[in-house]
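Heads up: the sequence lines are chains A and B, in that order.
For the first sequence, the tail end lands on 344 under our numbering, and the numbers increase by one without skipping.
For the second sequence, the tail end lands on 863 under our numbering, and the numbers increase by one without skipping.
Where is the CB? At the ideal position from N, CA and C, for every residue including glycine.
These numbers come from a predicted model, not from an experiment.
Written below as structure tokens is the structure these notes are about.
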Amino acid sequence: MHDFEFVKPATLAEAVAALGAEGAQALAGGMTLLPAMKQRLAAPERLVSLTGIADLRGVTPAPGRLRIGGATPHAVVARAAAAHYPALARLAGQIGDPAVRNRGTIGGSLANNDPSACYPAAVLASGATIHTDRRQIAADDYFQGMFATALDEGEVITAVDFPVPQVAAYVKFAQPASRFALVGVFVAKFAEGARVAVTGASEEGVYRWTEAEEALNTHFAPTEFSHLDVPADGMIADLHGGADYRAHLVKVIARRAVIAALG
Amino acid sequence: MPKDGIGASSKRREDVRFLTGRGRYTDDINLRGQAHVHFLRSDIAHGRIRSIDTAAAAAMPGVLRIFTAADLAGVGGIPCGWQVTDRFGKPMQEPKHPVLAEGKVRHVGDPIAAVVAETAEQARDAAEAIVVDIEDLPAVLDMRAALAEGAPKVHDDLTGNLCYDWGFVEENREAVNAAFATAHHVTTLDLVNNRLVANPMEPRVAVGDYDFATDHHTLYTTSQNPHVIRLLMGAFVLGIPEHRLRVVAPDVGGGFGSKIYHYAEEAFVTFAAKALRRPVKWTASRSEAFISDAQGRDHVGRIELALDAEGNFLALRTETYANMGAYLSTFAPSIPTWLHGTLMAGNYRTPLIYVNVKAVFTNTVPVDAYRGAGRPEATFQLERVIDKAAREIGMDPVELRRRNFVTEFPYQTPVAVVYDTGDYNATLDRLLQIADREGFEARRLDSAHHGRLRGFGIAHYIEACGIAPSNLVGQLGARAGLYESATVRVNATGSISVFTGSHSHGQGHETTFAQVVADMIGIPAAQVDIVHGDTSNTPMGMGTYGSRSLAVGGSALVKATTKIVNKAKKIAAHLLEAAEADIELKDGKFAVAGTDRSVDWGAVCLAAYVPHNYPLESLEPGLEETAFYDPSNFTYPAGAYACEVEVDPETGKVTICRFVAADDFGNVVNPMIVEGQVHGGLAQGIGQALLENCVYDGNGQLLSGSFMDYAMPRADDLPFYEVDHSCATPCTHNPLGVKGCGEAGAIGSPPAVVNAVVDALQRAGYAHVTHIDMPLTPARVWAAMHAN
Numbered sequence: 082m083h084d085f086e087f088v089k090p091a092t093l094a095e096a097v098a099a100l101g102a103e104g105a106q107a108l109a110g111g112m113t114l115l116p117a118m119k120q121r122l123a124a125p126e127r128l129v130s131l132t133g134i135a136d137l138r139g140v141t142p143a144p145g146r147l148r149i150g151g152a153t154p155h156a157v158v159a160r161a162a163a164a165h166y167p168a169l170a171r172l173a174g175q176i177g178d179p180a181v182r183n184r185g186t187i188g189g190s191l192a193n194n195d196p197s198a199c200y201p202a203a204v205l206a207s208g209a210t211i212h213t214d215r216r217q218i219a220a221d222d223y224f225q226g227m228f229a230t231a232l233d234e235g236e237v238i239t240a241v242d243f244p245v246p247q248v249a250a251y252v253k254f255a256q257p258a259s260r261f262a263l264v265g266v267f268v269a270k271f272a273e274g275a276r277v278a279v280t281g282a283s284e285e286g287v288y289r290w291t292e293a294e295e296a297l298n299t300h301f302a303p304t305e306f307s308h309l310d311v312p313a314d315g316m317i318a319d320l321h322g323g324a325d326y327r328a329h330l331v332k333v334i335a336r337r338a339v340i341a342a343l344g
Numbered sequence: 076m077p078k079d080g081i082g083a084s085s086k087r088r089e090d091v092r093f094l095t096g097r098g099r100y101t102d103d104i105n106l107r108g109q110a111h112v113h114f115l116r117s118d119i120a121h122g123r124i125r126s127i128d129t130a131a132a133a134a135m136p137g138v139l140r141i142f143t144a145a146d147l148a149g150v151g152g153i154p155c156g157w158q159v160t161d162r163f164g165k166p167m168q169e170p171k172h173p174v175l176a177e178g179k180v181r182h183v184g185d186p187i188a189a190v191v192a193e194t195a196e197q198a199r200d201a202a203e204a205i206v207v208d209i210e211d212l213p214a215v216l217d218m219r220a221a222l223a224e225g226a227p228k229v230h231d232d233l234t235g236n237l238c239y240d241w242g243f244v245e246e247n248r249e250a251v252n253a254a255f256a257t258a259h260h261v262t263t264l265d266l267v268n269n270r271l272v273a274n275p276m277e278p279r280v281a282v283g284d285y286d287f288a289t290d291h292h293t294l295y296t297t298s299q300n301p302h303v304i305r306l307l308m309g310a311f312v313l314g315i316p317e318h319r320l321r322v323v324a325p326d327v328g329g330g331f332g333s334k335i336y337h338y339a340e341e342a343f344v345t346f347a348a349k350a351l352r353r354p355v356k357w358t359a360s361r362s363e364a365f366i367s368d369a370q371g372r373d374h375v376g377r378i379e380l381a382l383d384a385e386g387n388f389l390a391l392r393t394e395t396y397a398n399m400g401a402y403l404s405t406f407a408p409s410i411p412t413w414l415h416g417t418l419m420a421g422n423y424r425t426p427l428i429y430v431n432v433k434a435v436f437t438n439t440v441p442v443d444a445y446r447g448a449g450r451p452e453a454t455f456q457l458e459r460v461i462d463k464a465a466r467e468i469g470m471d472p473v474e475l476r477r478r479n480f481v482t483e484f485p486y487q488t489p490v491a492v493v494y495d496t497g498d499y500n501a502t503l504d505r506l507l508q509i510a511d512r513e514g515f516e517a518r519r520l521d522s523a524h525h526g527r528l529r530g531f532g533i534a535h536y537i538e539a540c541g542i543a544p545s546n547l548v549g550q551l552g553a554r555a556g557l558y559e560s561a562t563v564r565v566n567a568t569g570s571i572s573v574f575t576g577s578h579s580h581g582q583g584h585e586t587t588f589a590q591v592v593a594d595m596i597g598i599p600a601a602q603v604d605i606v607h608g609d610t611s612n613t614p615m616g617m618g619t620y621g622s623r624s625l626a627v628g629g630s631a632l633v634k635a636t637t638k639i640v641n642k643a644k645k646i647a648a649h650l651l652e653a654a655e656a657d658i659e660l661k662d663g664k665f666a667v668a669g670t671d672r673s674v675d676w677g678a679v680c681l682a683a684y685v686p687h688n689y690p691l692e693s694l695e696p697g698l699e700e701t702a703f704y705d706p707s708n709f710t711y712p713a714g715a716y717a718c719e720v721e722v723d724p725e726t727g728k729v730t731i732c733r734f735v736a737a738d739d740f741g742n743v744v745n746p747m748i749v750e751g752q753v754h755g756g757l758a759q760g761i762g763q764a765l766l767e768n769c770v771y772d773g774n775g776q777l778l779s780g781s782f783m784d785y786a787m788p789r790a791d792d793l794p795f796y797e798v799d800h801s802c803a804t805p806c807t808h809n810p811l812g813v814k815g816c817g818e819a820g821a822i823g824s825p826p827a828v829v830n831a832v833v834d835a836l837q838r839a840g841y842a843h844v845t846h847i848d849m850p851l852t853p854a855r856v857w858a859a860m861h862a863n
């Protein structure tokens with residue numbers, strides 16, 4: 082790890098100011114950034130920690146909605162969201178291990194947008210809104226491919242605002258080593274219709290599986306999805322599974338998510 | 076008899092310091108004035124070094140000196156400790172293994188330069204500033220392709236990439252072929268034994284120190300055998316005589332084989348400490364361990380089994396390609412040969428066996444012993460082909476094994492070794508009883524009801540432990556003896572310090588060895604301390620690997636303690652004014668037989684060191700004895716394992732529902748520790764079967780270079796084990812009747828798991844699935860099911 086300056090502001094304004102400097106980098110949980118720095122794959126000159134900003138932490142319920150501060154650790158979401166959005170709380174409780182869940186944050190996960198991360202599936206399937214220090218971004222506009230998002234340089238996720246669905250579930254089929262999602266599917270049913278988001282599978286990162294949504298809008302029930310065509314083309318292929326395997330798993334895991342949602 | 080003697084499940088005394096953070100590991104050692112080294116390692120698999128420019132790096136803050144191969148004049152290569160002779164009578168090809176790369180880099184991780192600086196971070200900063208100009212060469216990876224005409228060579232000065240072509244027993248080759256030509260049935264199986272990374276919890280560390288006033292060198296290192304490191308490094312690499320070289324392996328956080336070998340980093344820190352007249356320390360990162368610790372297994376090959384119409388085994392034939400990696404690690408050549416071919420008889424009366432092994436150099440990290448070392452590879456081949464044969468001839472796999480079991484002992488195998496004792500039907504009976512094979516069908520139907528495919532697999536294993544008679548291994552090419560040593564020092568008030576040549580890095584010797592000595596004398600084990608790991612205070616010993624510590628080191632301990640008891644009896648006879656022949660030792664008291672006169676242990680010890688009333692004319696004062704023990708044979712632990720799995724047909728994911736181990740370890744000193752050893756071995760064996768895989772891409776880059784991609788078994792991947800060692804046939808040739816238990820779990824479990832998964836798929840109608848290569852990841856199982 083190279084030397085760097087570490088600042089931990091107490092307010093968002095101070096953080097945004099600190100991030101204006103050349104070579105500055107926001108530090109949310111550091112679950113990806115710190116290993117990259119240790120490997121010397123990243124070498125920011127200044128780290129601006131967001132976890133000292135009280136306004137960015139916590140879970141706030143409102144009628145039909147749930148707002149989660151950008152710097153809220155997964156473990157807090159797992160506890161505090163359980164009564165309001167159980168599927169989201171369970172997802173948070175299955176990320177990494179206890180150390181990761183107590184350091185890693187929702188904002189960090191979403192800003193990084195790892196193609197195998199869990200949170201993007203919840204945000205996209207829920208149709209959540211990403212709040213930043215400068216605007217609001219709809220989930221459908223936010224995710225822009227593997228490790229790519231709508232965020233601008235230095236833009237800070239302050240909160241994520243989730244509409245709470247009628248029923249929902251996330252099922253993760255874990256990559257055996259990392260326990261990230263080899264394929265993860267989040268299914269959410271709203272009065273306006275179903276939303277299905279898939280993580281871990283595509284080279285484009287998290288995506289909405291609209292064919293499955295249409296099938297569920299006709300009849301929200303465990304379906305085989307076997308009549309749907311999930312092309313292997315564009316799926317991730319690595320030593321843990323080929324593209325055809327991932328394409329197959331999308332159907333299997335989606336069905337299990339529907340079963341779990343109706344559970 | 077003390078309650079904490081042989082047979083007691085005493086708690087491990089070393090755990091107090093391990094569990095409270097009071098252990099003293101090599102990285103805890105920080106010497107005054109210590110500098111740090113960072114190794115610049117090759118990031119390509121194969122290349123020719125055109126130039127190394129260290130000028131800019133040398134000017135970086137804190138840099139003391141930068142070394143390349145050119146700066147190591149007079150330093151020898153890392154030696155190989157075993158020379159295998161090929162099937163034509165020629166010695167193996169043995170390339171030089173330089174401490175720092177000379178002319179070429181041969182695997183990702185090959186050290187090119189060593190930067191010594193005031194801090195580890197400064198050394199790493201400077202290493203990044205070294206400019207190395209390397210001409211990329213095509214990487215040699217696939218073993219068969221490596222042996223093809225015109226293949227690029229890992230070592231330019233060798234004739235091709237073949238280390239040796241070994242045949243065993245070579246004289247049987249034609250007879251075996253003839254048996255196959257006329258056999259009623261032949262079963263053939265192509266299989267891969269996947270490459271593994273040992274991944275002990277503690278990465279390797281080495282600290283070199285040099286005292287110019289006395290010309291003494293000290294190396295602190297994470298080793299399983301400090302005396303072997305002293306011999307290899309002192310005599311072959313650095314030219315330091317043993318009396319000027321001390322090697323200390325303090326608390327070591329696991330080895331599993333990977334810390335047996337002498338590594339370049341150890342030699343470098345020892346060399347640099349003298350060159351710089353400062354202690355030099357190196358601590359590996361986990362990433363570095365993945366590309367510099369010797370790896371395990373990596374066999375590719377074919378096994379064939381010939382049977383008669385009744386299912387009797389007639390002959391066995393194998394052809395195996397064994398990956399050596401880029402250089403020969405210390406014991407690498409012996410693993411696929413003498414620790415593998417000699418086990419191919421398994422538990423069975425196969426009259427004719429021919430094993431062919433081609434060891435191949437590739438542009439990968441060197442491969443050497445890893446928990447089980449050759450025996451898991453043999454067991455996997457054998458127990459998989461037997462299951463396949465049973466299916467092909469329509470016989471129950473349990474019955475096919477029983478039909479061919481060795482039942483009379485001693486048994487001379489056709490592959491050189493002689494089994495002294497065993498009872499394979501007994502362990503199998505016990506296994507099937509615990510595993511409730513009778514109830515399997517009901518459980519299978521229940522699984523099917525829940526959409527899961529259930530399977531039942533068994534495997535038998537035998538291993539050769541307690542390596543071994545030194546004169547025999549010498550004939551087989553070992554360049555070391557394989558005895559063990561112990562010094563028992565009785566202190567004046569009766570406490571005992573034992574100095575053993577064995578080394579404990581998780582095995583619990585400090586507890587079990589104390590149990591043995593205490594039991595022999597009849598005193599509480601708390602009166603006995605075990606000292607190990609320092610060449611300056613322990614007798615020359617060969618260290619710990621191959622499940623040899625209790626069988627060989629424990630036997631040395633018994634010999635030394637017997638000498639102590641014999642001398643103490645003489646002292647007691649003098650104190651009791653009785654004949655030595657009449658003295659009996661019981662429960663820590665020396666008594667005159669048939670009388671109530673006795674003297675206790677403490678009084679005898681005190682007399683030995685305060686010899687006021689003592690037979691000085693015929694007996695030296697003091698009570699300290701050393702013994703060396705060289706075994707007359709290997710020991711042969713054996714057992715039967717059963718695995719029951721569920722396969723999720725939609726995802727291919729395998730869940731182990733039950734795992735039963737029925738082992739025959741002979742006599743057991745501490746049942747709790749033995750059970751723990753089996754648990755650990757099973758975790759590693761199941762890890763190999765389901766999860767672990769060391770994978771290089773086509774350029775020789777390690778794809779599984781971190782725990783993000785190399786899947787270590789975790790608690791929730793593993794079942795609750797049912798472990799039994801009640802079927803004990805004591806070893807006939809060592810004084811404790813012990814056989815060794817450290818590797819069994821890792822040897823017997825992989826075929827049991829794979830047999831169970833294949834069974835599950837076969838029962839569910841996937842008749843085309845006769846084998847799946849490990850690890851049986853969900854993707855691989857699913858692909859096998861759908862490979863039509």
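Nearest candidate by alpha-carbon position, reference residue i, set the options
i                      : options                    : result
residue 701 of chain B : B:162, B:270, B:576, B:679 : B:576
residue 596 of chain B : B:665, B:773, B:182        : B:665
residue 243 of chain A : A:157, A:104, A:144        : A:144
residue 390 of chain B : B:426, B:774, B:103, B:83  : B:426
residue 810 of chain B : B:610, B:270, B:744, B:486 : B:744
residue 99 of chain B  : B:720, B:365, B:608, B:111 : B:608
C-beta neighbour in chain B for residue i, strict 7 Å
i                      : result
residue 322 of chain A : yes
residue 326 of chain A : yes
Minimum Cβ-Cβ distance from residue i to chain A less than 7 Å
i                      : result
residue 929 of chain B : The requested residue 929 of chain B does not occur in the structure, where chain B is confined to residues 76 to 863.
residue 674 of chain B : no
residue 685 of chain B : no
residue 854 of chain B : yes
residue 606 of chain B : no
residue 280 of chain B : no
Cβ distance (whole Å) where residue i is taken to contact residue j below 8 Å
i                      : j                      : result
residue 484 of chain B : residue 499 of chain B : With 8 Å as the limit, residue 484 of chain B and residue 499 of chain B do not qualify as a contact, their Cβ atoms being about 10 Å apart.
Neighbouring residues, chain A, relative to residue i (Cβ below 7 Å)
i                      : result
residue 924 of chain B : A question about residue 924 of chain B goes unanswered here, because the residues of chain B that appear run from 76 up to 863.
residue 786 of chain B : 257, 258
residue 770 of chain B : 320
Neighbour list for residue i in chain A, Cβ cutoff strictly below 8 Å
i                      : result
residue 766 of chain B : 257, 258
residue 779 of chain B : 258, 320
residue 858 of chain B : 323, 326
_Members of the region 248-276 of chain A that neighbour chain B once the beta carbon cut-off is set at 7 Å_ = With the criterion set as a beta carbon lying under 7 Å from some beta carbon of chain B, the members of the region 248-276 of chain A are 254, 257, 258, 259, in sequence order.
*Chain-ordered residues of the region 434-458 of chain B with a beta carbon less than 8 Å from chain A*: The residues in question: there are none.
*Closer than 9 Å, Cβ to any Cβ of chain A: which residues of the region 305-331 of chain B, in chain order?*
Answer set for the region 305-331 of chain B: empty.
*Listed in chain order, which residues of the region 357-386 of chain B have Cβ atoms closer than 8 Å to some Cβ of chain A?*
Listed by position along the chain: 362.
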